[in-house]
Amino acid sequence: YPKIGIIGAMDEEIKRFLNHIDNPKTVVKAGIQFYEGNFYDTKVVLCKSGVGKVNAAICSQILIDTFRVGAIIFTGVAGALHPELQIGDILISTDCMHHDMDATALGFDKGMIPYDKISIFKADHQLINLASNASEKWFKGHTRKGRVLSGDQFIADREIVRNLHEQLGGDCTEMEGAAVAQVCSMNEVPFVIIRSMSDKADGSANVNFAEFVVQASQHSYQIVEHMFKNI
Ligand code: ADE
3 YPKIGIIGAM DEEIKRFLNH IDNPKTVVKA GIQFYEGNFY DTKVVLCKSG VGKVNAAICS
63 QILIDTFRVG AIIFTGVAGA LHPELQIGDI LISTDCMHHD MDATALGFDK GMIPYDKISI
123 FKADHQLINL ASNASEKWFK GHTRKGRVLS GDQFIADREI VRNLHEQLGG DCTEMEGAAV
183 AQVCSMNEVP FVIIRSMSDK ADGSANVNFA EFVVQASQHS YQIVEHMFKN I
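FYI, the numbering for the sequence shown is 3 to 233, going by full-length UniProt numbering.
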């Protein structure tokens, strides 16, 4: 990978990277700040996309068009959907889907983008393996591979969690991954989404998110850091 884009949605999710990129060249585009430099001997472009799918999509397309990255890694926190994922655990994306894409009234399956006839965006095998190896070697908590469900919604309801898990096969939910995944797929750029659970997307999600966002962001960072040590 000659150059890799690293995206986080919030300051908390990118700040540890900034400590390891010496004298980054900073560029602002579409109101998003990009930091170009070296991270463990690999050329990277780090950025804070902001929250939500539109922010993540714009950020990804800029990384591809302007910065010419050959791969994108998203790092951050999510709400757990799989019952075995606990707060602090890691999910490595095998694929992503928009849980709020709903044209079922037109006869399309939930998540299906009408006429594109696609709903599932597959992550890159090599990046998945890099993340998986990093987690096996360095992460003491539990790691799963699975499906990331994204929507412009902070989920805080047990019934919705059950539906997203049982009907769409989601393992965690967040607000950017599927947008990054779709942009990468449309441009044939490999990607992977790394998420650590800040909450369980249930009635306590708002309280848990506030309490665990720092710790979960750090776990996700640690996986990505060790990925780069092995590139
Ligand atoms: N990111 C972290 N927790 C989340 C949740 N419960 N819903 C959506 N995005 C999240």
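For every residue, glycine included, the Cβ atom is placed at its ideal position computed from N, Cα and C.
Those residues placing their Cβ nearer than 7 Å to any heavy atom of the ligand ADE are, following chain order, Val79, Ala80, Gly81, Gln155, Phe156, Ile157, Ala158, Thr175, Glu176, Met177, Ser200, Asp201, Ala203, Ala207 and Phe211. Taking C-beta separations shorter than 8 Å and ignoring five residues to either side along the sequence, the partners of Gln169 in its chain run Lys112, following chain order.
Closest in C-alpha terms to Asp13, from the list Val46, Ser51 and Lys5, comes Ser51.
Cβ atoms of Tyr117 and Ala73 stay farther apart than 8 Å, at about 28 Å. According to DSSP, residue pairing for Asp97 in a beta bridge involves Lys124 and Arg149. In chain order, Ala203, Asp204 and Gly205 place their CB closer than 8 Å to the CB of Asp159, counting only its own chain and leaving out the 5 sequence neighbours on each side. Inter-segment contact for the stretch 129-139 and the stretch 166-184 is absent: fewer than three beta-carbon pairs are separated by less than 8 Å. Looking at Ile16, Lys5, Gly7 and Ile9, the one whose alpha-carbon comes closest to that of Gln217 is Ile16. Take Val194, set aside five residues on each side of it, and the residues of its chain with a beta-carbon closer than 7 Å to its own are Ile75, Ile94, Ser95, Ala125, Asp126, Leu129, Ile130 and Ala133, in chain order. Cβ contact annotation for His167 (same chain, cutoff 8 Å, sequence separation greater than five): Leu83, His84, Pro85 and Asp173, in chain order.
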